[in-house]
Structures are given as structure tokens and as C-alpha cells.
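Student: The sequence shown lines up with residues 174 to 756 when you count with the numbering used here. Glycine included, each C-beta is placed from N, C-alpha and C at the ideal position. A quick note: this is a predicted structure, and the numbers were derived from the prediction, not measured.
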Amino acid sequence: MTHFLQSELPPDDSESKILQKRPSIPVTSTIDIFSTSSVLIQKDIGKLKLKKSKRLLCLVCKNPPKYTSGEMELRLQRLQRLCLSHVRDAYRLHLLRLQGLELIQEFLQRARVNDLTIQHIKPLVWCAVSCLHHFYIRSSFKRGITPWIRRRQAKRATTIFEKVLQFLEMHRHIVIESALTFLTEGQVWYDEYITSETLKSLFDTSEQYEKGLQIILDNCLSLLPNAVVYADQILSTLTYTIKNHIWLELSDDLIERILNIYLISLNPENEENYLYAPMKECLESFVKVVLERISSTEHMKILSELIKWLMANNLRHELVLEFGNLIEHAAKAHSITFYYETLVEDVLLLVFKLIASETRSYSLLGNRIFQCLMDRGKNRSYFDTPKIFFRDIKYDIEVKECKSCDAYFIRRFRETIHDTFMRAVKNHGSYRLNLENVYRSICILIVEVPAGSTAATVVCLAMACQEYAISGVDLDMSYTNQIHATVISILSLVCWVNSADVFYDYLYSIMEKRAAEAPQLNPPLRNTYEYAEHHVQWLKLDLFFEDWEVRYGLWKRFKKSEKKRSTLSKLTRTGSSSLSLID
174 MTHFLQSELP
184 PDDSESKILQ
194 KRPSIPVTST
204 IDIFSTSSVL
214 IQKDIGKLKL
224 KKSKRLLCLV
234 CKNPPKYTSG
244 EMELRLQRLQ
254 RLCLSHVRDA
264 YRLHLLRLQG
274 LELIQEFLQR
284 ARVNDLTIQH
294 IKPLVWCAVS
304 CLHHFYIRSS
314 FKRGITPWIR
324 RRQAKRATTI
334 FEKVLQFLEM
344 HRHIVIESAL
354 TFLTEGQVWY
364 DEYITSETLK
374 SLFDTSEQYE
384 KGLQIILDNC
394 LSLLPNAVVY
404 ADQILSTLTY
414 TIKNHIWLEL
424 SDDLIERILN
434 IYLISLNPEN
444 EENYLYAPMK
454 ECLESFVKVV
464 LERISSTEHM
474 KILSELIKWL
484 MANNLRHELV
494 LEFGNLIEHA
504 AKAHSITFYY
514 ETLVEDVLLL
524 VFKLIASETR
534 SYSLLGNRIF
544 QCLMDRGKNR
554 SYFDTPKIFF
564 RDIKYDIEVK
574 ECKSCDAYFI
584 RRFRETIHDT
594 FMRAVKNHGS
604 YRLNLENVYR
614 SICILIVEVP
624 AGSTAATVVC
634 LAMACQEYAI
644 SGVDLDMSYT
654 NQIHATVISI
664 LSLVCWVNSA
674 DVFYDYLYSI
684 MEKRAAEAPQ
694 LNPPLRNTYE
704 YAEHHVQWLK
714 LDLFFEDWEV
724 RYGLWKRFKK
734 SEKKRSTLSK
744 LTRTGSSSLS
754 LID
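(1) What is the residue span of the alpha helix (DSSP H) that N540 lies within?
(2) State the Cα-Cα distance for the pair E246 and A450, rounded to the nearest angstrom.
(3) Taking the straight line between their C-alpha atoms, what separation do you get for P623 and Y403?
(4) I431 and L411 - do their beta-carbons sit closer together than 7 Å?
(5) Please classify N287 as buried or exposed, where buried requires at least 16 other C-beta atoms within 10 Å of its C-beta.
(6) Is H259 helix, strand or coil by DSSP?
(7) Report the start-end ranges of each alpha helix (DSSP H) in the region 373-444 that is 4 residues or longer and not cut off at the edges.
(8) From the beta carbon of I333, is the nearest beta carbon of chain B less than 7 Å away?
(9) Just how far apart, CA to CA, sit F308 and A263?
(10) Using the beta-carbon count (16 or more within 10 Å), is E350 buried or exposed?
(11) Would you mind sorting M629 into buried or exposed? The rule is 16 or more other CB atoms within 10 Å of its CB.
(12) Within 10 angstroms of its Cβ, does L664 collect 16 or more other Cβ (buried), or is it exposed?
(13) With distances taken Cα to Cα, identify the nearest neighbour of N440 among E429, I428, K453.
(14) Using C-beta distances below 8 Å, list every residue in its chain close to D557, excluding the 5 sequence neighbours before and after it, in chain order.
(15) Taking its Cβ as the centre, do 16 or more other Cβ atoms sit within 10 Å of Y704, making it buried, or is it exposed?
(16) Tell me whether A642 sits in a helix, a strand or coil according to DSSP, three-state version.
(17) Using 7 Å as the threshold, is the C-beta distance between I643 and Q544 below it?
(18) When you compare each of C300, G539, I310, W711 to L494 by their alpha carbons, which one comes out closest?
(19) For S313, name the three-state secondary structure that DSSP assigns.
(20) Taking contact to mean at least 3 C-beta pairs separated by less than 8 Å, is the region 718-726 in contact with the region 688-706?
(21) How about the region 555-572 and the region 505-517: do they share at least three Cβ pairs that are nearer than 8 Å?
(22) Quick check: A691 and V709, are their CB atoms within less than 7 Å of each other?
(23) Taking buried to mean at least 16 other C-beta atoms within 10 Å of its own C-beta, is E270 buried or exposed?
(24) What do you get for S508, buried or exposed, if any count of 16 or more other CB atoms within 10 angstroms of its CB means buried?
(25) Can you check which of these residues, D649, T470, R311, V524, is closest to T510 by C-alpha distance?
(26) Using only the alpha-carbon positions, how far apart do N399 and N392 sit?
(27) If you follow the alpha helix (DSSP H) that L497 is in, where does it begin and where does it stop?
(28) When you compare the region 294-304 with the region 343-360, are there three or more beta-carbon pairs, one atom per stretch, that lie closer than 8 Å?
(29) Quick one: what's got a C-beta closer than 7 Å to L712's C-beta in the same chain, skipping five residues either side?
(30) Nearest to E457 by CA position, among Y535, N498, R549, Q292, is which residue?
(31) Compute the beta-carbon to beta-carbon distance between N552 and E571, rounded to the nearest angstrom, for a pair I have assumed lies under 8 Å.
(32) Is the beta carbon of E272 less than 7 Å from the beta carbon of L297?
(33) Just to confirm the assignment, what range does the alpha helix (DSSP H) spanning A658 have?
(34) Could you give the distance in angstroms between the alpha-carbon of L386 and the alpha-carbon of T331?
(35) Below 8 Å on the Cβ atoms is my contact criterion, and I expect H293 with L249 to pass it. Report the Cβ-Cβ distance as a whole number of Å.
(36) Do you know whose CA, among A658, S672, F717, lies nearest S682's CA?
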């Protein structure tokens, strides 16, 4: 064929030169083309067979053959070499942990749960926690171009760890002990996030989370007194875990044990108890987080126990203040809807007993607890010191709607409230801090229950305080000035909350006379008072409130028509929401 073409079209000299330089193509090249295509087809067929074999292998791997006892021992030994060995080369260490994850997954598929003993379960859990810890550390690094790969590997390690927990559900107590032993022996508690995530996975899949907490507390206390810093790390990690993850309710026994440990650290009585003293602050933070996880009924029980313990132990003033922070936190965590339904009478009587105590720090603590329990509208910070509440001025104070059950609560404890706060003023009113806290407690009552019974109770208490300041023997003048300023501040708040116009007119007349002749009797409170020559420093009756004028102001505000009286007589105590009559 080539000869025919050349004879048909003879090339010129230029073309012949080019053809001489061009390499000749043998005839067998056409056969090579077909043979090459056949090889490609065979390769494609081989790939299809390989894919088919992989699918068959996947189907077979869903039910792989189970380990024999010898194979299981060998796999566990290899797993420990991969997951529990320490290598300085970070990349090689990472490769070992990756192989360890694969081997754990294979072990879960091929091992029998019934064949496992404690000697098998412990290393398996240690290896799973080791891989989880390794990949969580890598996922925390944000550098590099593939952080999503590290996050994916950490997620896979978490999934495999949860599968291990599900696989060993029959041996959950051994799993918890083994995991916590690894965290303690490996000294991993320093990283709060990684350890808390491990504890979250560990406790979320096990019902015996309280047993885990007990084990952690035992491990923590066993480190004292040699490793106080490490024990603090364990407690801080446990606090972080409980605070940032959804937790189940704790039992009474566990709460009691935690409180006992804290109380011992607060007031150690012997040498053994002094071991807990260095952990006092960390234990307080831990107890506060635990108190946030319990129910409202448990809050009342704990408040009762804490107050009884406080009154049974003679603590120093500094310890009372520290202990008061915990009780105040427990009172804040208690949610209140209606006073009569939510507050337990025994606890409230204990609080009143603290307020009326002859010990100044106890009385101050009792007022703080009372304010936390009663302050539903979060107005506590506004009543920091006595001030005049003027008419037709809008203050940032939330006045609650009066409910019949709350009004009944005030009537129920009317005499107790009067006697308690009156005794607090007589015992500790000379201290400005105590007097301001009594004022704050009374103001919270006024705005939380704006009823006639509340106004009558508070006004009666204020007039009794004024009488005590006037007729008291050997009372310092600065002390009596502070009491009179507190009284007019309380009465102005009663007028403002209840819109008592007639009472307001009378209060304004007294306030203006004092401003002209005795400004020391008006707010604000001062530590030292300076008097001008024209200031009245003796008992001038028209500068003080008259009892009958105050009663008339209350009567004008809360008087009721005969129609309302007849309607009230038909209503039951629970069904009525009207203001009570002033006696």
C-alpha cells in the first residue's frame, strides 16, 4: 500500500527529505493498538471485579468471625502498645492512635461481651479514653490548613468511645472506675474542657453517674494533703462539668456528703479535718454549682440544715460572712411564686431567729437571706440606703400585683415581722450596715406585697422605731438621726407604692419642716453630722410623725364602701384578691 501511494503521487525533493527524517511506522503497530485496547478492557473488568469483591467483603464484615481467647489476648496486647505507649515523635504517636481506633472498632465487632473479664475491660477502656484524649487535644489546635480533619477525627473518637460504653453496659461500674483511674493516674485533670467532655460521654450513657461522682470525690480526697493543687484541679474540672452540661438531679445522700465536706473545711475541729481546709474556696464553688442543680423543695431542706448548723457552731465573724455567701446563693437559687405556698414556715422562722439574734453578723446574714427569698422582682439593689420617694416620679422599681395568698402570708406573720425587725433595730441599729439591711428587707416587703395589711404592718413598725429613738435612754444622737431618716424613707415608699395622697400631704409637711429646722432627721444617712446654730437638736414634737395622723392617712387610702365590705364577706380567703381592711 505504501508503494502504491508513492508511485501514484511522487513526492518532491523537499517532501522526500522530510519523509526520510520521519521515523517509519511498522505494520505491527496496528495490532498493538488493538492489543492495548484489550488490555484496558481487561483492567476495567478487573476494577469491576475488585469493586464487587469489596462489596462482598463489606457484606461479610458485618458478621465477622468472633475472636478466640488467644486472638483476643493478642489483640488487647497490640491495642495497649498502640494506645498506651508514649512516643516523642508527635506524628508517629498520631499514627499509632489512628491504628488504635481501627483496632478498637474491630474489637467491638469481633469480641464477645460474655468472654470479657476485668483484665480485658480495664485496658479496653483505658485505650478508648487515651484515643479520645489525644484527638480532643488535636482538635483544640486551630492552626494548619485542615482543622476540619482534626474535628472529624475527634468526633469519630467520641463515637467509638460511646460504642465502647454501650458495648460494656453490663459492666458499667468497672467502666466508670477504669476511666476515672486513667484520668487520675494519667494526670489529665488539668484540662477542664477535655476532661469534662470525657465525663459527659461517660455519665450520659450510664445511669450510675452518682457512683462516678462518689469515685471522683474519693480520688480527690485521697490526694490530700500531699497534692492539694491537683485535688483543686479535679474539683474545678468537676465544677466545670456540672455547670456546662445537662445533669440529672442529685440524691440526698450525695448532697449531704458534699455539704459535710464543705462544712468540715470551713470549721475544722481536729487534725484530720484540717486536711480539707486548703480546698475551702474550691469546695464552695463546687457546692454552689450543685445547689443550682437541685429542686426547690431540696433548697428549703438545705437552707434549714445550713442555718441549724450555723446556729449550733460558734463561728468567727469572717467565717460567718464566708458561710453566708453559700446560704445566700442557695436562697437565690430557690424559685418562689407565692410566699404562702412556696416558703416553708420552719425555714422562715429560722431566718427570723437569725435576724433577731444578738450577734451582729448573724442578724446581718438573716437579713440577707430574707431579702433573697422575698425579692421576686429583683429590686434589692435599689434599696441600698434610705431615700425619699417623691410623689408623681417614676422609679425603676417593679411593684408586684397583690395576690390574696401573699396578703394572707403577711397577716399570718404580722406580729413575727414586727417583733423580729424591732429587735434587730434595738440590738444592732447603731451600726449603719445593719440598719440599712433592715431598711432593705422592709422595702422589699412593701413592693412585693402592696396590700393594706403590708402597709399597716410596716407603718406600725416604723412608728415603733420612731418611739424607740425618741424615748430611748443614752442613745447617741447620730444613731437616732439615722433611725428617723430611715422611718421617713419607709413611710414615703408606702405612700408611693399605694398612691396615698392624703398621707403624702402629711409626710411632705413633716419633711419640709425638717428641711428648714432639722435637716439631720431627713435622708441621706451620714456617719458624722454637722449642726448649724439654727438647727433644732432637742425634742420638738412637730418635727415627728403623730400616730393619729398616720392612721388617718392609711384609713383615707384603704377605706372601703359598704358595698365592697359586703362583697368581701361573701368571698372565701383563697378567692379574694382585694386589699385587706386596716384594723
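Tutor: On the basis of the data shown:
(1) Taking the first residue of the sequence shown as position 1, residue 540 is located at position 367. It spans 533-547 - the alpha helix (DSSP H) in which N540 sits, taken as one unbroken run.
(2) Here residue 246 corresponds to residue number 73 of the sequence shown, with the count starting at 1. Here residue 450 corresponds to residue number 277 of the sequence shown, with the count starting at 1. Straight-line Cα distance between these residues: approximately 47 Å.
(3) On the sequence shown, residue 623 is found 450 positions in, with the first residue counted as 1. On the sequence shown, residue 403 is found 230 positions in, with the first residue counted as 1. Cα to Cα, P623 sits roughly 53 Å from Y403.
(4) Within the sequence shown, numbered from 1, the residue matching residue 411 stands at position 238. Within the sequence shown, numbered from 1, the residue matching residue 431 stands at position 258. Not closer than 7 Å, so no.
(5) Along the sequence shown, read from residue 1 onward, the residue named residue 287 stands at position 114. In the assembly as shown, N287 is an exposed residue. Its beta-carbon has fewer than 16 other beta-carbons within 10 Å.
(6) Numbered from its first residue, the sequence shown carries residue 259 at position 86. Note: H259 maps to coil in three-state DSSP.
(7) 382-395, 401-417, 425-439
(8) The structure shown contains no chain B; it is built from a single protein chain.
(9) Your numbering for residue 308 matches position 135 in the sequence shown. Your numbering for residue 263 matches position 90 in the sequence shown. If I take the Cα positions, the gap works out to 12 Å.
(10) Here the question's residue 350 lines up with position 177 in the sequence shown. Classification for E350: buried.
(11) Position 456 of the sequence shown, counting from 1, holds the residue named residue 629. Note on identity: in this sequence residue 629 is Ala, with Met being the wrong assignment. With 16 or more Cβ atoms within 10 Å of its Cβ, A629 is classed as buried.
(12) Reading the sequence shown from its first residue, position 491 is the one you call residue 664. The residue in question, L664, is buried, as its Cβ has 16 or more Cβ neighbours within 10 Å.
(13) Taking the first residue of the sequence shown as 1, we reach residue 440 at position 267. Out of E429, I428, K453, K453 has the C-alpha closest to the C-alpha of N440.
(14) Here residue 557 is taken as the residue at index 384 of the sequence shown, counted from 1. Beyond the five residues adjoining it in sequence on each side, D557 comes within less than 8 Å, by CB distance, of E609, R613 in the same chain, given in chain order.
(15) As a working mapping, residue 704 is identified with position 531 in the sequence shown. Counting Cβ neighbours within 10 Å, Y704 comes out exposed, since fewer than 16 surround it.
(16) For the purposes of this step, residue 642 is taken as the residue at position 469 of the sequence shown. If DSSP states are grouped into helix, strand and coil, A642 belongs with the helices.
(17) The count along the sequence shown starts at 1 and reaches residue 643 at position 470. The count along the sequence shown starts at 1 and reaches residue 544 at position 371. No, these two residues do not count as a Cβ contact at 7 Å.
(18) Taking the first residue of the sequence shown as 1, we reach residue 494 at position 321. Selected option, being the one with the closest Cα: G539.
(19) To locate residue 313, count along the sequence shown from 1; it is residue 140. Coil, per DSSP.
(20) no
(21) no
(22) The sequence position of residue 691 within the sequence shown is 518, counting from 1. The sequence position of residue 709 within the sequence shown is 536, counting from 1. Taking 7 Å as the cut-off, the Cβ atoms of A691 and V709 count as close.
(23) For the purposes of this step, residue 270 is taken as the residue at position 97 of the sequence shown. Correcting the residue type first, residue 270 is Arg in the shown sequence and not Glu. Classification for R270: buried.
(24) On the sequence shown, residue 508 is found 335 positions in, with the first residue counted as 1. With fewer than 16 Cβ atoms within 10 Å of its Cβ, S508 is classed as exposed.
(25) In the sequence shown, the residue the question calls residue 510 occupies position 337. That would be T470, whose Cα lies nearest to the Cα of T510.
(26) One-based indexing of the sequence shown puts residue 399 at position 226. One-based indexing of the sequence shown puts residue 392 at position 219. The alpha-carbon atoms of N399 and N392 are separated by roughly 13 Å.
(27) In the sequence shown, the residue the question calls residue 497 occupies position 324. Residue identity check: residue 497 is Gly in the sequence provided, not Leu. Start and end: 490-506.
(28) yes
(29) Residue mapping note: residue 712 aligns to position 539 of the sequence shown, counting from 1. Same-chain partners within the cutoff: I643.
(30) Translated into positions along the sequence shown, residue 457 becomes position 284. Among Y535, N498, R549, Q292, the Cα nearest to that of E457 is on N498.
(31) Sequence index remark: in the sequence shown, residue 552 carries index 379 (1-based). Sequence index remark: in the sequence shown, residue 571 carries index 398 (1-based). Correct: roughly 6 Å between the Cβ atoms.
(32) For the purposes of this step, residue 272 is identified with residue 99 of the sequence shown, where counting begins at 1. For the purposes of this step, residue 297 is identified with residue 124 of the sequence shown, where counting begins at 1. Checking the displayed sequence, the identity of residue 272 turns out to be Gln instead of Glu. No, these two residues do not count as a Cβ contact at 7 Å.
(33) Looking up residue 658 in the sequence shown gives position 485. Element bounds for A658: 650-671.
(34) Looking up residue 386 in the sequence shown gives position 213. Looking up residue 331 in the sequence shown gives position 158. Rounded to whole angstroms, L386 to T331 spans 21 Å at the Cα level.
(35) Walking along the sequence shown from the start, residue 293 turns up at place 120. Walking along the sequence shown from the start, residue 249 turns up at place 76. Right, their Cβ atoms sit about 6 Å apart.
(36) Taking the first residue of the sequence shown as 1, we reach residue 682 at position 509. Closest by alpha carbon: F717.
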